[in-house]
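> My numbering numbers the first residue of the sequence shown as 96 and each following residue consecutively. A virtual CB, placed ideally from N, CA and C, is assigned to each residue, including glycine.
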Amino acid sequence: MKPNHMDQLLLKYSEFLTGTKGRSPNTTRVYMNDLQPFRQFMLNEGLNLWDFNRQSLREYLAWLATSASKKGVGYARVSMARMLVVLRSFYLFLERNGTINKNPIPKSKTLQIKVEKHLPVFLGLKEVELLLETPDTTTPFGIRDKALLELLYSSGIRLSELANLDISSLEIDSREVKVVGKGSKERIALIGQMTADALKHYLTVGRPNLEQNPVPALCLNRYGFRLSQRGIEKVVSATAKRAGVRPGVHTHTLRHTFA
């Protein structure tokens, strides 16, 4: 498929999400970001949208799991599960507007990507948007908190993984974060453009005002050292309280809200 044709259909889908479905700009942004690996796969394989079938889907999921990122590393399961949901929605849109005759993506009951389950508490999208808009970005701590919350929401990384991130873990231009998870396994987590912008602002404006020691840590506390897991949890809880969202919000709730 020619890039221009694919991009035209992606644009129409974006307009459909915002206009017809009434999705928020933030939700539409996440959907479109999650379709970019699919776009790249189709171009790499020289496939048309109507050529995509069950075999192609298996190859796509295998590619996502092993070498889809620019670093040649697979994506996390939570990211893959989200991408599959978005791809199913995109093909349903194509089926309804007559671009294809049949949706090649099985229904969710037939095909699912299992992810680790945590507490069954989820925020609504409006609550998440309110939470992300609450930090006071005129202060260094507010700029940090904004970047921290955006990163948790966009990437789906764990609390411990965020606490252990270094500046060198970021590839902001390609919107990727290198994460070392359980068992010292390395993976790449995707982030959206708004998250990338928040991180750039933090690194250029917020973090220099917090830095008191030459440490590699991404998130710094008031003393200039690495912000601990407990410290990040306090940031999420305090921000949720100021935002007026439901009590008991913590990092697991935030990172699994969309997935």
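Suppose the cutoff is 6 angstroms on Cβ atoms and the five residues either side in sequence are ignored; what does the same chain contact list for I390 look like?
A question about residue 390 goes unanswered here, because the residues of the chain that appear run from 96 up to 354.
> Can you find the residues in the same chain that come closer than 7 angstroms, C-beta to C-beta, to P132, ignoring five residues on each side of it along the sequence?
L159, A163 and M178.
> For Y297, which residues in the same chain have their Cβ closer than 7 angstroms to its Cβ, ignoring the five residues on either side in sequence?
Result list for Y297: I238, R239 and A242, in chain order.
> When we look at the beta-carbon of L130 and count the other beta-carbons within 10 Å, is it buried (16 or more) or exposed?
Buried.
> Which two residues bound the contiguous alpha helix (DSSP H) that contains R282?
Element bounds for R282: not the alpha helix (DSSP H) but the beta strand (DSSP E), E281 to L285.
> Using the Cα positions of N99 and L247, report the straight-line distance between them to the nearest angstrom.
The straight-line gap from Cα to Cα measures roughly 33 angstroms.
> Leaving out the 5 sequence neighbours to the left and right, which residues in its chain are closer than 7 angstroms to L225 when beta-carbon positions are compared?
Only A338 and V340 meet the Cβ criterion.
> Using only the alpha-carbon positions, how far apart do S255 and I262 sit?
Whole-angstrom Cα-Cα distance: 15 angstroms.
> Please identify the residue among N259, T229 and N192 whose C-alpha is closest to the C-alpha of R321.
For R321, the nearest C-alpha among the options comes from N259.
> So the beta strand (DSSP E) K329 belongs to, where does it begin and stop?
No beta strand (DSSP E) contains K329, which is instead part of the alpha helix (DSSP H) from Q324 to A338.
> Just grab the DSSP bridge partners of E266 for me.
Answer is E271.
> Taking the continuous alpha helix (DSSP H) assigned at D292, which residues delimit it?
Taken as a continuous stretch (DSSP letters only), the alpha helix (DSSP H) holding D292 covers Q288 to H296.
> Quick test of your reading: N304 and P235, contact by CB under 8 angstroms. State the CB separation rounded to the nearest angstrom.
So it is a contact: roughly 4 angstroms between Cβ atoms.
> For Y170, list the residues DSSP reports as bridge partners.
Bridge partners of Y170: I283.
> Which value, in whole angstroms, describes the spacing of the CA atoms of L142 and E245?
About 34 angstroms.
> Taking F133 as part of the alpha helix (DSSP H), name the residues at either end of that continuous run.
Start and end: P120 to E140.
> Throw me the rounded Cβ distance for the R183 and I200 pair, which I believe falls under 8 angstroms.
Confirmed, Cβ separation roughly 4 angstroms.
> Does DSSP put L315 in a helix, in a strand, or in coil?
Strand, per DSSP.
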